[in-house]
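Protein chains in written order, with this note's numbering: chain A, 5 to 360; chain B, 5 to 360.
Beneath this line is the structure, given in C-alpha cells, with notes to follow.
There are 2 protein chains.
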Amino acid sequence: MTRRTVRSHRPATIADVAKLAKVSIVSASRVINDSPTVRESTRRAVRGAMLELGYTPNAAAQMLRTKRSNIMGCVVPDLSNHVTAAVVHAAEKELNGAGLLLVTASSDLSAQREAQLVQSLCQRGVGGLLIQPGDETSALVSGAITRAGVPVVLLDRDVEVPSDRVLFEHYDATRQVVRYLLDLGHRDIAIIATAETARPGRERLRAFRDELAAHGLGRIPDGRIFCGSHLAQHGFDAAMALMSAPSPPTALIAAGNLIVLGALKALQSMQIDIPGRLSFVGSDNPLVSEIMTPPLTVIERDNASLGQLAARLLMARVKAAGQPHRGLERMTLQSRVILRRSCAPLSPRTTGAKSR
Amino acid sequence: MTRRTVRSHRPATIADVAKLAKVSIVSASRVINDSPTVRESTRRAVRGAMLELGYTPNAAAQMLRTKRSNIMGCVVPDLSNHVTAAVVHAAEKELNGAGLLLVTASSDLSAQREAQLVQSLCQRGVGGLLIQPGDETSALVSGAITRAGVPVVLLDRDVEVPSDRVLFEHYDATRQVVRYLLDLGHRDIAIIATAETARPGRERLRAFRDELAAHGLGRIPDGRIFCGSHLAQHGFDAAMALMSAPSPPTALIAAGNLIVLGALKALQSMQIDIPGRLSFVGSDNPLVSEIMTPPLTVIERDNASLGQLAARLLMARVKAAGQPHRGLERMTLQSRVILRRSCAPLSPRTTGAKSR
DNA sequence: CGAAGAATTTAAAACGATATCACTCTTCAT
DNA sequence: ATGAAGAGTGATATCGTTTTAAATTCTTCG
C-alpha cells in the first residue's frame with residue numbers, strides 16, 4: 005500500500021515537475037536549461053522535483069520546439085571497414101561523453117546514396133554531421149553538404165564546401181616511403197592505390213609521382229600505377245597483373261588497408277618471396293602487419309585521433325551555432341612510417357630475375 | 005522574377021501540402037500514413053502536392069505524437085572490433101533499406117554504461133534495440149533491457165529476458181575442432197577464450213571440456229584454460245604463459261578474433277614453429293587468416309547474416325507492436341570450420357620436445 | 001424520393017517542450 | 001516620492017503531427 009513515488013506508468017512531464025515544485029512550467033523549463041535568471045530557491049525546488057519524479061525531458065518535444073537535437077549523424081562509405089570503424093568508434097565515444105548520440109549510415113560508395121543520406125539525416129534533425137564522401141568530385145554530394153544546414157566536419161576528405169575538415173597527412177609519408185625504397189636501390193616501383201577522386205588516393209599518387217620525378221624517374225612506365233576501388237579484390241587483381249607480367253617491379257606499395265590483404269593473397273598464391281623478390285609496403289592493419297611473415301613495413305595512421313578530433317570540432321561548431329563564423333578549421337594529423345622486414349635492398353637475385 | 009515553387013526557406017509542413025491539394029490537414033495525414041479510408045482522387049491530389057513541395061514529414065512532430073520513431077538503437081561493447089563492426093554494418097544496411105536509421109553506442113564492456121545507454125536510448129525514443137551485452141549475468145543490464153519498453157533483439161547473447169535473439173552456434177564447431185586436433189593425435193590441448201560470462205566464451209569452453217571428456221580426457225591439467233578479456237593483450241599474455249611453461253601444450257585454440265592476433269604475436273616472438281611445434285586454431289579474420297604463414301585453420305561465422313537477421317527480427321517486432329505476442333524467436337546461425345595448414349599431426353619432434 | 005448506412009472528410013484537441021512578451025517586485029539614481 | 005532598470009516569474013502561443021469524434025457527402029435500397 006505504500007504510495008511513495010507512485011511511479012505512474014506514464015513518464016513524468018515538465019508539467020508534473022512544475023506542479024510538484026509549485027512553480028510555473030516556464031520556470032521549470034528555465035531550470036532545466038540552466039537559464040541564469042532563476043532564483044536559487046526555485047532552482048532547488050525544481051531540481052528536487054525532477055529527481056523525485058525521475059524526470060527526463062522528452063527529446064521529441066524538445067526538438068520539435070527548438071529544431072535541433074542532440075543526435076549527430078555520420079555518413080561513411082563502409083562501416084565494416086576496420087579503419088572506418090575505428091574512426092567512427094572514436095567519434096562516437098567522444099560524443100557520448102558529452103551526452104550526444106551518433107547515428108551512422110553507410111553509403112556503399114554510392115554518391116547518390118550519400119547525398120540522400122545527408123538529406124535524410126538533416127531532415128530528421130541531426131545537429132551536425134561527420135561525413136566521409138567516397139568521391140570528392142561529385143556535385144551531388146557537395147551540393148547535399150552545402151544544403152545540409154547543419155555543421156559538417158569532413159573526415160579525411162577535401163570537398164569544396166565551406167566545412168571544417170580533419171585530414172591525414174598522406175603526401176609526406178608516401179614520399180618518405182618511396183625515398184626509402186629508392187635508397188634501397190629500387191628503381192622500378194609500383195603502387196596500388198584507391199581512386200584518385202578521394203584525397204588519400206590522390207595524395208599518395210601525387211607523392212609517388214613527385215618523389216620519383218625528384219630522382220629523375222619522372223617517366224613512369226606503363227602498368228606501374230593501379231588506381232581503383234579500396235577493396236581487397238582490387239589489390240588482388242592488380243598484384244596478379246603486376247607480378248605475372250614479363251618484367252615485374254621490384255617494389256610494391258599497397259596503399260589501402262584492404263588492398264594490402266588482397267595484394268598479399270595474390271603474391272602468396274604466386275609464391276613470390278618478400279622481400280627477396282619483391283619489397284612490399286603496406287598500410288594500416290596495425291596488429292596484423294606486425295605478425296605477418298615477414299612483418300610488414302607500413303604507413304599507419306591514428307584513426308582514433310581523427311575521429312576524436314572530428315567529434316570535438318563538430319561539437320564546438322554546433323555549440324557556436326549562430327555566432328559569427330570562425331574561419332574554417334583544417335586540421336592535419338601526421339602519418340607514421342613503420343619500418344619492418346618486408347623491404348630489402350635491391351639484390352643481385354632480384355636484379356637478375358628482372359634482367360633475364 | 006520567376007515565382008515557380010517559391011521554395012521558401014522553411015521546409016514545407018503538412019499544412020502546406022493540404023492547402024495546395026485543397027484538402028484538410030487530416031486527409032493529407034491519411035495519405036501519408038497509407039490509411040485505407042481515402043478516396044483515390046484525394047490521394048492523387050495529396051501525392052502531387054507532396055511532390056511539388058518536396059514535403060517530408062517532420063520526424064520530431066511525428067514522434068511527439070506517436071511516441072515511436074524510426075530510429076533504432078544499438079548497444080555493443082566495441083564498435084572498433086572488426087567482428088562487431090561487420091554485424092552492425094549489416095544491420096544498419098538492412099534497416100536503411102526500410103527507411104530506418106540506426107544509432108550505435110559502444111559500452112566499452114561496462115555493464116553500468118550499457119544499462120545507462122539502453123535507458124538513454126529508450127528515453128530518446130528509439131523504436132527498438134539491438135543489444136550485445138558484454139556480461140550476460142549483470143542484473144543491471146537485464147533490468148535495463150526488461151524495462152526498455154521497446155522490442156529488443158540480442159546479438160549472440162543469452163540474457164534471461166523476454167527478448168528475441170540471434171545466436172551463433174559455437175558449441176558444435178568448437179567440439180568439431182577439438183575432435184580434429186584429437187584425431188591428429190594431440191592430447192594436450194589448450195584454449196584461450198573470452199570471459200565465461202558471455203555466450204561465446206561459455207559455449208566454446210563447455211564444448212572444449214565436453215569433447216575432451218568424451219575421449220576420456222576429462223581431467224584437464226591446470227593452466228590449459230585461459231578465460232578473460234577479448235583483447236589481443238589477453239591472447240598475448242596467455243600464449244606467453246602457456247608456451248614458456250616447462251611442458252607446453254601441443255595444440256592451441258585461440259577463440260576470439262583479437263585473441264588470435266595477440267597469441268600469434270606471442271608465438272612469433274618466441275619463435276614457435278606452427279604447426280611443427282604447435283598446432284594452432286584461430287577464429288574470424290577471414291581475409292587475414294588466409295594469408296598468414298602458415299594459413300590458419302579457423303572457426304568462422306557469417307557476421308553479416310547475424311546483423312541482417314537481427315535487423316529483420318527487430319523490424320518485424322516493431323511493426324507488430326501491440327499485436328498479441330508471438331513466441332520469442334531464437335535463431336541460430338551455424339559456424340564454419342575451415343581447415344588450413346596451421347594444424348598438423350602430432351609429430352615425433354613435437355612429442356620429443358615435450359617429453360624432454 | 002427519402003432515409004439509413006457507408007464512406008470520406010473535417011474541426012479541434014492533444015503530444016511536451018520552448019519562445020515571447022507582459023507582469024511584479026526590488027533596487028537605486030534622480 | 002518618482003521613475004527606470006533589471007531580476008524573476010508566469011500566461012499563452014507555437015512547433016508539426018496524429019487522434020478523436022463529429023460532420024459531411026455519397027450510395028444504396030425500400
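Think of the CB as a built atom: it goes at the ideal place given N, C-alpha and C, for glycine as much as any other residue.
Sub-8 Å separation of residue i and residue j beta-carbons
i, j, result
"V341 of chain B", "Q237 of chain B", "no"
"R208 of chain B", "A199 of chain B", "no"
"G153 of chain A", "A64 of chain B", "no"
"S142 of chain B", "A115 of chain B", "yes"
"V122 of chain A", "V80 of chain A", "no"
"L159 of chain B", "V91 of chain B", "yes"
"G58 of chain B", "A16 of chain B", "yes"
"A218 of chain A", "L256 of chain A", "no"
"T70 of chain A", "Q127 of chain B", "no"
"P253 of chain A", "D192 of chain A", "yes"
"L221 of chain B", "L350 of chain B", "no"
"V30 of chain B", "T46 of chain B", "no"
"I276 of chain A", "M244 of chain A", "no"
Beta carbon proximity, residue i to chain B, threshold 8 Å
i, result
"H190 of chain A", "no"
"H93 of chain A", "yes"
"M244 of chain A", "no"
"I149 of chain A", "no"
"S346 of chain A", "no"
"A63 of chain A", "yes"
"T60 of chain A", "yes"
"Q136 of chain A", "no"
"L265 of chain A", "yes"
"V154 of chain A", "no"
"E173 of chain A", "no"
"V285 of chain A", "no"
"L106 of chain A", "yes"
Beta carbon proximity, residue i to chain A, threshold 8 Å
i, result
"S110 of chain B", "yes"
"S84 of chain B", "yes"
"L221 of chain B", "no"
"A19 of chain B", "no"
"M67 of chain B", "yes"
"A90 of chain B", "yes"
"R14 of chain B", "no"
"K269 of chain B", "yes"
"L158 of chain B", "no"
Own chain residues within Cβ distance below 7 Å of residue i, not counting five before or after
i, result
"L318 of chain A", "M76, G132, L134, P155, V157"
"P364 of chain B", "Here chain B has residues from 5 to 360 only, and residue 364 of chain B is not among them."
"S146 of chain A", "V163, E164, V165"
"I278 of chain A", "L271, F284, P298, S346"
"A32 of chain A", "I18, V21, A22, A25, V50"
"G356 of chain A", "Legend: pLDDT at G356 of chain A = 44, less than 50; position of this residue unreliable, value from coordinates given subsequently. Correct list: empty, nothing qualifies."
Same chain, Cβ closer than 6 Å to residue i, five either side skipped, listed in chain order
i, result
"F240 of chain A", "G266, K269, A270"
"E98 of chain A", "Q312, A315"
"T301 of chain A", "V285, L343, R344, S346, C347"
"A211 of chain A", "Y175, T178, R179"
"V322 of chain B", "G131, G132, P155"
"A25 of chain A", "A49, V50, A53"
"R34 of chain A", "V42"
"R169 of chain A", "L158, R334"
"R360 of chain B", "Its pLDDT being 38, under 50, R360 of chain B is placed unreliably by the model, and the measurement read from it follows with that caveat. If we look at R360 of chain B and ignore the five residues flanking it on each side, it has no Cβ neighbours."
"L113 of chain A", "P81, G138"
Rounded distance between the beta-carbons of residue j and residue i, thought under 8 Å
i, j, result
"E118 of chain B", "P137 of chain B", "6 Å"
"L83 of chain B", "S39 of chain B", "Contact doesn't hold; Cβ gap of about 39 Å is too wide."
"C374 of chain B", "G205 of chain B", "This structure gives no information on residue 374 of chain B, because the portion of chain B shown stretches from 5 to 360."
"S293 of chain A", "H190 of chain A", "About 20 Å separates the two Cβ atoms, so there is no contact after all."
"E140 of chain B", "A202 of chain B", "5 Å"
"T108 of chain B", "L106 of chain A", "7 Å"
"E173 of chain B", "S339 of chain B", "5 Å"
Residues near residue i by beta carbon distance below 8 Å, same chain, minus five either side
i, result
"S309 of chain A", "A94, L337"
"N445 of chain A", "There is no way to answer for residue 445 of chain A, as the model of chain A reaches only from 5 to 360."
Beta strand (DSSP E) runs contained entirely in the region 249 to 300 of chain A, provided each spans 3 or more residues
255 to 259, 283 to 287
If you scan the region 21 to 101 of chain B from start to end, which runs of the alpha helix (DSSP H) of 4 or more residues do you find wholly inside it? 29 to 36, 44 to 57, 63 to 70, 86 to 101
Kindly provide the ranges of any beta strand (DSSP E) runs that are 3 or more residues long and lie completely inside the region 202 to 247 of chain B, ordered along the chain.
-> 229 to 232
Uninterrupted beta strand (DSSP E) stretches inside the region 309 to 357 of chain A (no shorter than 3 residues): 334 to 337, 340 to 342
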